[in-house]
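A.B. asks:
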Amino acid sequence: MIHCSTPFYKKIKENSLDISRQGISTLQINLGKRCNQACLHCHVEAGPNKTEDMTEKTAKRIIELLNSSSSIQTLDITGGAPEINAWFRDFVVAAHKKNIEVIDRCNLTIFYEDGHDDLPEFLADHNVHVIASLPCYSKENVDSQRGGGVFEKSIQGLKKLNSLGYAKPDSKRILDLVYNPLGASLPPAQEKLQDDYRRELKELFDIEFNQLFAITNMPIKRFLHYLDRENKTADYMQLLLDNFNPVAAENVMCKSLVSVGWTGELFDCDFNQMLDIPLGAKKQNIWDIESFEDLADEQIALGNHCYGCTAGSGSSCTGTIA
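The opening residue of the sequence shown carries number 10 in the numbering used here; numbering runs sequentially from there.
As structure tokens, this is what we get:
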């Protein structure tokens, strides 16, 4: 657990805030840590050498619960590179049949790995909402954070999605981008940054997208290791604390979301999952429940890493929240 001068739960009390679940409309599933990249900011610590991967038994149980759900409106699929998992496409098809919005947290370079050549067409055929990582419109910055050659493949991936109708006027195929700061700083204003991305990507590469999400780097796992190496952990935590925003805290994503790990365990969010902080502060898994709606009244477990979601304009899986 990360320490700072004011515990997060105390900050919530001081501001008379209520962070409790208001129902469950988003189901986020993490299919594992296998990834073809190993990014500096990755809170999952995913990479090519990881072996954590959702099994058939777990995937089928989640699909069973999803099919019986009456409240889930969005299925948010993440990883690792979630498309590597053998059951990724089954999840997409199951949700699509129920008219549930499907989000794919895509690194774009996965399109160029063996066995994934038809992935862009599959995503387009099912109107999957693609949220693609692109931490900068500069080749140097992207490759320094994500690895050599990533920028060029990312650009080609975005062009491919555009060619399939993504981000085109009146299209149901949504393409959003994600920005993460390169170091121990808060992201700049999302709207201004979005304008910069839109201008640069259009002028340089004729690429279009719908929205840009600016996401704060969470002080856990791989990014925390970076902070520790640079002796910046205390300063970064103080930065988050100094920029605590009660309005952002009122709009955190965990109030309407449940996260399922690759083993089937249940969490309040993907960040708590990586810290092994269970939903409601008690170990539960998908075989312990009859439906996701059973979890609607569960208490949300909080920690000092939650400052990452509530600093400045706030941060969630869909960008700023205040």
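Quick reminder that beta carbons are idealized off the backbone N, C-alpha and C, glycines included.
#1: Which two residues bound the contiguous alpha helix (DSSP H) that contains Asp244?
#2: Below 8 Å, can you find three or more Cβ-Cβ pairs linking the stretch 319-329 to the stretch 297-304?
#3: What number of angstroms, rounded off, separates the C-alpha of Arg30 from the C-alpha of Glu149?
#4: Only counting the same chain, and skipping five residues up and downstream in sequence, which positions put a Cβ closer than 8 Å to that of Tyr146?
#5: Under DSSP, the beta strand (DSSP E) around Tyr175 begins and ends at which residues?
#6: With a threshold of 16 other CB atoms inside 10 Å of the CB of Asp123, please say whether the residue is buried or exposed.
#7: Give every residue of the same chain whose Cβ lies closer than 6 Å to the Cβ of Lys59, excluding the five residues on either side of it in the sequence, and list them in chain order.
#8: Cβ atoms of Ile295 and Ile71: under 9 Å apart, would you say?
#9: On the CB-based measure, 16 or more other CB atoms within 10 Å of its CB, does His314 come out buried or exposed?
#10: Report the CB separation of Ile109 from Ile38 in whole angstroms; it is logged as a contact under 8 Å.
#11: Buried or exposed: which applies to Asn45, given that a residue is buried once 16 or more other Cβ atoms fall within 10 Å of its Cβ?
#12: Less than 9 Å between the C-beta atoms of Arg231 and His105, yes or no?
#13: In terms of residues, what are the limits of the alpha helix (DSSP H) holding Leu117?
C.D. replies: With the given structure in hand:
#1: Where Asp244 is concerned, the enclosing alpha helix (DSSP H) starts and stops at Thr242 to Asp251.
#2: Note that the stretch 319-329 does not touch the stretch 297-304; fewer than 3 beta-carbon pairs, one per stretch, sit closer than 8 Å.
#3: Taking the straight line joining both Cα atoms gives about 41 Å.
#4: Within the same chain, Cβ atoms closer than 8 Å to the Cβ of Tyr146 are found at Asp205, Tyr206, Glu209, Leu210 and Leu213, the five residues on either side in sequence being excluded.
#5: From DSSP, Tyr175 is part of no beta strand (DSSP E); its letter is neither H nor E.
#6: Here Asp123 is exposed, its C-beta having fewer than 16 other C-beta atoms within 10 Å.
#7: Taken in chain order, the residues that qualify are Lys42 and Arg43.
#8: Yes, they are a contact pair.
#9: Its Cβ being crowded by 16 or more others within 10 Å, His314 is buried.
#10: Not really, about 12 Å apart at Cβ, beyond 8 Å.
#11: It counts as buried.
#12: No; because the gap between Cβ atoms is not below 9 Å, this pair is not in contact.
#13: In the DSSP annotation of this structure, Leu117 is not part of any alpha helix (DSSP H), being labelled neither H nor E.
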